Ligand code: SF4
Ligand code: SF4
Ligand code: SF4
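In this note's numbering, the protein residues as written are 307 to 745.
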């Protein structure tokens, strides 16, 4: 029991994402405030036992003024894996990491440091570094196909995005009646980790259990996602463990790596970087914009026009954004939300509000404001600059949409066959389940 649960969020001892150092807590109540007002979690369940409800977003860690709440640290596990000669270690890096990692080394928010990030990981001894924008492209191939299937065949709508594990857990806990609305697509990390264990391990001729897949993310909810039973196979977990931007920044400093002096190194070539659509996944509205680009191509056979390559209504630091797009001969209604409190408000009136697709990301402005991002600088200004960094990178890229990515096309040809095929369903999709809690 947490005797201070009137003031602060209780944290269970087995929470895979966050922990509290009791000696540091000054009982300020900021953690409970953000959990209640922004996440819509604290105050919506009854605390009288060890059964703590938490969606693992880590926003409480971001606002704790004394670092009493921190992420669960997995860097020792990473070092152990690197030092094990039997194992090959792959780190896959999420889109939003490349615009925030520099802040751990006093670079400005939004500065694009992908090359230094790869260099840092290689210096630490990681065997392969791949970009999760590739997994994001895979997610879009499947999610856009799923949306078209739901619309054409009059299946359950609106389709909810499923790449944010905190949002998925929120639905499973508080709104299980909407589980059929959640896209069955695994998150980009979930898809990429599955492809690495089931396809890449064979390419390099090792057992999947000897390939250690580590996700480097702005997110601590991914630590929870990696533990999901649905994302395991005969070899164990798809994602072996998850390290946040904060953890990796601290590890690099402990390892005396001079980050700003590192030379840029490209991602490893087996899965080169994804499209611009994959890059913007890290900002609120990015998943929706990426899905629209590919859904447009799938339904018209033509490349998306310029206004869909810069879908202004889906961009910007607003917790609720709406837009429409013409697809399949009708107006498709889109809604983008960040903060699960805003999602709670929408779900409570969803019967009267008609949408075809809803994107929800738990954190402020999406993953750029994730619970594992550099905390010293997690201001509104920083999350806006990080998002700008992603959109600027998208604008510079020739490859704008997921369907154009040649490596994605190769993967479908050699391994997955087609979006929503039997193999794609097996390796890229998942299921969800209702979670009980005390009201
Ligand atoms: S991780 Fe999120 S849901 Fe869990 S206690 Fe913290 S703010 Fe609340
Ligand atoms: S925000 Fe930090 S210091 Fe304040 S009550 Fe919560 S754990 Fe304690
Ligand atoms: S918004 Fe991004 S960082 Fe935040 S919980 Fe969801 S996936 Fe993780």
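Quick reminder that beta carbons are idealized off the backbone N, C-alpha and C, glycines included. Predicted model only: the values in this text are computed from it and were never measured.
Exclusion of the five residues before and after residue 609 leaves 603 as the residues of its chain whose Cβ lies within less than 7 Å of its Cβ. Secondary structure of residue 474 (DSSP, three-state): helix. The three-state secondary structure of residue 588, taken from DSSP, is helix. Ligand 2 has a heavy atom closer than 6 Å to the beta-carbon of residue 375. Linking residue 727 to residue 470 through their CA atoms gives a straight-line distance of about 23 Å. Here the alpha carbon of residue 563 sits roughly 15 Å from the alpha carbon of residue 409. Assigned with DSSP and collapsed to three states, residue 330 falls in helix. With a threshold of 6 Å, the Cβ atom of residue 372 counts as near ligand 2, since some heavy atom of the ligand is closer than that. If you draw a straight line from the Cα of residue 661 to the Cα of residue 711, it is about 29 Å long. Shortest gap from the CB of residue 332 to any heavy atom of ligand 2: under 6 Å. Taken in chain order, the complete beta strand (DSSP E) segments of 3 residues or longer contained in the region 545-631 are 547-550. Under DSSP, residue 465 shares a beta bridge with 663. Taken in chain order, the complete beta strand (DSSP E) segments of 3 or more residues contained in the region 356-419 are 375-377, 394-399. One alpha carbon belongs to residue 374, the other to residue 347, and they sit about 20 Å apart. Residue state for residue 315 is assigned as coil, using DSSP reduced to three classes. For residue 463, the CB contacts under 6 Å within the same chain, skipping 5 residues up- and downstream, are 456, 662 in chain order. Counting along the chain, residue 307 sits inside no alpha helix (DSSP H), nor does DSSP assign it H or E at all.
For residue 744, no pairing in a beta bridge is given by DSSP. Linking residue 701 to residue 707 through their CA atoms gives a straight-line distance of about 12 Å.
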